[in-house]
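Quick note, the sequence shown lines up with residues 141 to 435 if you use the working numbering. For each residue, glycine too, the CB sits at the ideal point set by N, CA and C.
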Amino acid sequence: MKLPLVTRTIAELRAALNAERRGGRRIGLVPTMGYLHRGHMALVDRARDVSDTVVVSIFVNPTQFGPGEDLSTYPRDLHGDLALCARHGVAIVFAPDVAEMYPQPMETAVEVTSLSGILIGAQRPGHFRGVATVVAKLFNIVAPDVAVFGEKDYQQLATIRRMVRDLSFGIEILGVPTVRDADGLAASSRNVRLSAEDRRAAAVIPAALDRAGDAVARGERDPHAIEALVRAVIQAEPRADIRSVDVRDADDLSEIRSVERAVVLVTVRFGDVLLIDQREVSSPDAGMIRREVRP
Ligand code: PAF
């Protein structure tokens with residue numbers, strides 16, 4: 141098992157990547173905030189399938205956290221992350237500190253305007269601007285051929301796809317289906333902060349999304365009816381504090397009148413932990429097949 145090369149500065153990383161490129165190797169990037177789990181490793185495995193050299197960035201990006209959000213308590217474990225990266229064949233880890241990424245206050249930002257203020261962006265003002273800006277920086281630093289993101293963070297993936305098109309980044313973007321625990325809860329670095337009771341109760345989220353999928357498969361087309369169904373299922377769990385349930389167009393997250401290809405997006409708090417999840421749903425005639433990874 142070969143340990144990845146750990147780079148802390150942009151210059152070190154670029155020197156390592158130049159050598160890879162001279163060798164004609166295709167570079168795959170998996171941007172992360174660390175505390176890696178099975179969900180991240182599914183992204184790494186996908187990156188390994190489609191590239192020769194996998195780079196994982198580990199950077200808890202302060203600009204995507206608002207005041208009072210969980211930046212200071214966001215879990216970190218570089219040692220554990222490196223062991224997982226080694227096991228999954230990652231060649232290079234880029235783990236800069238904040239001063240390396242933001243040596244001076246940023247005067248420049250990237251914002252996908254139609255997506256940044258809606259849904260999670262309405263609850264977390266500035267979040268998607270922070271995400272788009274740091275991902276644009278990582279794309280410029282690494283210049284990967286392909287970058288891999290999780291479908292769990294659906295609005296983030298839609299934002300990055302749009303940014304890549306708008307700004308003509310010549311980078312292929314791949315989305316990977318959500319990895320789930322046996323009870324269906326989406327793998328997330330935040331799950332470790334759930335109490336045992338909340339962790340058990342959080343299974344209500346995938347259960348509600350399953351119900352939405354079943355309803356659409358049986359012919360329900362009304363987005364409001366699906367939203368009401370999901371809310372009712374989650375509300376039956378007293379520990380769950382629903383922050384949002386939305387049924388939107390699967391591609392651009394715009395509002396819809398009838399479900400053809402849609403996505404159900406939920407955010408639910410358990411204690412002070414905000415969990416997000418999503419499920420693509422499609423009417424039987426829209427012919428969309430979803431694959432998700434369960435143990
Ligand atoms: O999904 C994440 O972990 C982060 O939002 C990302 C894409 C690494 C940007 O900081």
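Give the DSSP bridge partners of residue i, in chain order.
{"i": "G290", "result": "V316"}
{"i": "R401", "result": "S422"}
{"i": "F410", "result": "V413"}
{"i": "G168", "result": "V194, V286"}
Are the beta-carbon atoms of residue i and residue j separated by less than 8 Å?
{"i": "A352", "j": "L325", "result": "no"}
{"i": "P363", "j": "A336", "result": "no"}
{"i": "G206", "j": "H267", "result": "yes"}
{"i": "R383", "j": "Q296", "result": "no"}
{"i": "T203", "j": "T273", "result": "yes"}
{"i": "A347", "j": "I311", "result": "no"}
{"i": "H177", "j": "A327", "result": "yes"}
{"i": "Q418", "j": "K277", "result": "no"}
{"i": "L224", "j": "S197", "result": "no"}
{"i": "Y175", "j": "S329", "result": "yes"}
Return the chain-ordered list of same chain residues with a C-beta closer than 8 Å to the C-beta of residue i, the five sequence neighbours on each side being excluded.
{"i": "E240", "result": "R148, T149, I150"}
{"i": "A231", "result": "P144, L145, E160, T193, V194, V195"}
{"i": "D338", "result": "R379, F410, G411, V413"}
{"i": "E201", "result": "Here the sequence assigns Asn to residue 201, which means Glu is not the residue at that position. Once the five neighbours on either side are set aside, the close Cβ partners of N201 are M173, M241, G270, V271, V274."}
{"i": "R431", "result": "Because R431 sits at a pLDDT of 48, beneath the cut-off of 50, its placement in the model cannot be relied upon, and the point is left open."}
With DSSP run on the structure shown, which of helix, strand or coil describes residue i?
{"i": "P346", "result": "helix"}
{"i": "R388", "result": "strand"}
{"i": "E247", "result": "coil"}
{"i": "E395", "result": "strand"}
{"i": "V233", "result": "strand"}
{"i": "L369", "result": "helix"}
{"i": "D306", "result": "helix"}
{"i": "T273", "result": "helix"}
{"i": "R330", "result": "helix"}
{"i": "I511", "result": "With the chain running from 141 to 435 in the structure shown, residue 511 is simply not present."}
{"i": "L222", "result": "helix"}
{"i": "A159", "result": "helix"}
{"i": "T147", "result": "strand"}
{"i": "E360", "result": "coil"}
{"i": "A376", "result": "coil"}
{"i": "M141", "result": "coil"}
{"i": "A336", "result": "helix"}
{"i": "E152", "result": "helix"}
{"i": "E240", "result": "helix"}
{"i": "F205", "result": "coil"}
{"i": "R188", "result": "helix"}
{"i": "I258", "result": "coil"}
{"i": "A449", "result": "Because the chain here runs from 141 to 435, residue 449 falls outside it and cannot be looked at."}
Would you say residue i faces chain B, with C-beta separation under 8 Å as the test?
{"i": "L314", "result": "Of the chains in the structure shown, none is chain B; there is only one protein chain."}
Could you pull out every residue in the same chain whose Cβ sits closer than 6 Å to the Cβ of residue i, ignoring the five residues on either side in sequence?
{"i": "E400", "result": "S423, A426"}
{"i": "R333", "result": "V413"}
{"i": "R269", "result": "A249, E251, S256"}
Cutting at 7 Å between CB atoms, please list the residues of its own chain near residue i, excluding the five before and the five after it.
{"i": "D185", "result": "H228"}
{"i": "R388", "result": "S394, E395, I396, A402, V403, L405"}
{"i": "V344", "result": "V373, I374, E377, A380"}
{"i": "A357", "result": "P424"}
{"i": "E247", "result": "none"}
{"i": "Y294", "result": "V403, L405, Q418"}
{"i": "V238", "result": "P202"}
message: Please output, in chain order, the residues near the ligand PAF using a CB cut-off of less than 6 Å to any non-hydrogen atom of the ligand.
response: Working through the chain, the matches are P171, T172, M173, N201, Q204, V271, V274, V275, D293, Q296.
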